[in-house]
Amino acid sequence: MKISVIGAGNVGASVAEYAAMKELADEIVLLDIKEGFAEGKAMDLNQCATLNGFNSRVIGSTNDYSKTAGSSVVVITSGIPRKPGMTREELIGTNAGIVKSVTENVLKHSPDAILVVISNPMDTMTYLAVKTSGLPKHRVIGMGGILDSARFKYRLSEALNCNPNDVQGVVIAGHGDATMLPLTRLAQKNSSPVSNYLSEDEMKKVAEETMVGGKTLTGLLGTSAWYAPGAAGAALVEAIVRDQKKVMPCSVYLEGEYGQNDLCQGVPVVIGRNGWEEIIDYKLNDEEQALFDKSAEAVRNMNNALEL
Ligand SMILES: NC(=O)C1=CN([C@@H]2O[C@H](COP(=O)(O)OP(=O)(O)OC[C@H]3O[C@@H](n4cnc5c(N)ncnc54)[C@H](O)[C@@H]3O)[C@@H](O)[C@H]2O)C=CC1
Ligand SMILES: O=C([O-])CC(=O)C(=O)O
1 MKISVIGAGN VGASVAEYAA MKELADEIVL LDIKEGFAEG KAMDLNQCAT LNGFNSRVIG
61 STNDYSKTAG SSVVVITSGI PRKPGMTREE LIGTNAGIVK SVTENVLKHS PDAILVVISN
121 PMDTMTYLAV KTSGLPKHRV IGMGGILDSA RFKYRLSEAL NCNPNDVQGV VIAGHGDATM
181 LPLTRLAQKN SSPVSNYLSE DEMKKVAEET MVGGKTLTGL LGTSAWYAPG AAGAALVEAI
241 VRDQKKVMPC SVYLEGEYGQ NDLCQGVPVV IGRNGWEEII DYKLNDEEQA LFDKSAEAVR
301 NMNNALEL
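Take the sequence shown: its position 29, counted from the start at 1, is 29 in full-length UniProt numbering, and no numbers get skipped.
Spelled out as structure tokens, the structure:
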């Protein structure tokens, strides 16, 4: 089994590190355009093998896609991250060209791969990958909602003063500061609705903090986050390669589901060896559906800026 990660920067290296720790593949290829960079990251990660007891081998490549040949899963993290004060959407001008050319190169060598798109603005980059690749829709998956849901659970656990692992919560719709939809109505602590413990104002604050989760970290770090994004990317890859059939919120190509057509947006999907296998209908109430539709409109406007 081979997995490739395109872009050996903060997020790509973090995906590769977690993938190696979980031994998700025999070979994990890291590819970057910067001369020697991916090779350096690969060497550094391989020197963790005896310390952390993993047997996956990490291979670095400077833009040589032949090394990615035969990958089962390819994770696209190449592109620029935002700086404090920027939105993810502002990255489209640079990242669209990168994601398009990377998608084309990847498929020349791994025509059967499942693509995981992480580069921002993620929903639009996922749509671009669907359109550029011509792959069946089930084989292109955008990662954003898994991360946003982890942040939602973190914020909920703070408000509830409990272990984050005792909290269930899902964020759907767009992966943008204003387009995310944390489903507070469905969030639970130990199978009991969080509204049993938190006031309306407290729940609103949690949702707001969740939506600007990436922005908050970008302000603190000077560039965007990578540990949780890397862990979220690796969790998605794990669900694919281990055929876990887990339900995860991912950005996928919608054809009528959740009332939307011809765009990629975050919805709960079953993830397995064939990519995303089924969309789960959470039966949104009118207020949630209106927010989902508003988010879709913003994502669609962004998609319209693409040259397809
Ligand atoms: N969807 C999500 O949940 C998240 C998305 N992101 C996005 O992921 C992307 C990467 O973020 P970081 O790793 O922090 O950035 P980074 O700057 O640390 O790494 C990006 C890497 O991509 C490489 N690259 C650029 N053009 C390339 C090309 N044509 N081929 C191969 N490699 C190329 C760069 O040399 C660089 O090493 C950004 O767009 C960021 O906004 C980041 C966090 C979460
Ligand atoms: O905030 C950003 O630009 C990076 C990202 O998507 C995240 O961390 O959620």
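Where a beta carbon is used, it is the ideal one built from N, C-alpha and C, also for glycine. None of the values given here were measured: they were computed from a predicted structure.
Here asparagine 196 carries a helix assignment [DSSP, helix/strand/coil]. Boundaries of the alpha helix (DSSP H) harbouring lysine 153: 145-160, taken from the DSSP string. For methionine 180, the enclosing beta strand (DSSP E) has its first and last residue at 180-182. Listed in chain order, the alpha helix (DSSP H) elements of length 4 or more contained wholly in the UniProt domain "Lactate/malate dehydrogenase N-terminal" (1-142) are 10-21, 37-46, 49-52, 92-109, 122-133. Between valine 140 and proline 249, the C-beta spacing is not below 8 Å. Remark: the C-beta of alanine 235 is outside contact range of ligand 2, defined as less than 7 Å to any heavy atom. For glutamine 265, the enclosing beta strand (DSSP E) starts and ends at 261-272. Taking C-beta atoms as the reference points, isoleucine 76 and isoleucine 6 count as a pair closer than 8 Å. Its chain contains Val116, Ile141, Met143, Ile146, Met248, Cys250, Ile271 as the residues whose beta carbon lies nearer than 8 Å to that of leucine 236, once the 5 sequence neighbours on both sides are disregarded; these appear in chain order. The residue among Gln188, Met86, Leu156 with its C-alpha nearest the C-alpha of aspartate 177 is Met86. In this structure, Ala173 is the residue among Asp64, Tyr65, Ala173 with its C-alpha nearest to the C-alpha of leucine 291. Rounded to whole angstroms, the gap between the alpha carbons of glycine 79 and asparagine 196 is 43 Å. Put simply, the region 288-305 touches the region 118-134. At least three CB pairs are less than 8 Å apart. Here the distance from the Cβ of threonine 218 to the nearest heavy atom of ligand 2 is below 7 Å. With a threshold of 16 other beta carbon atoms within 10 Å, methionine 203 meets it and is buried.
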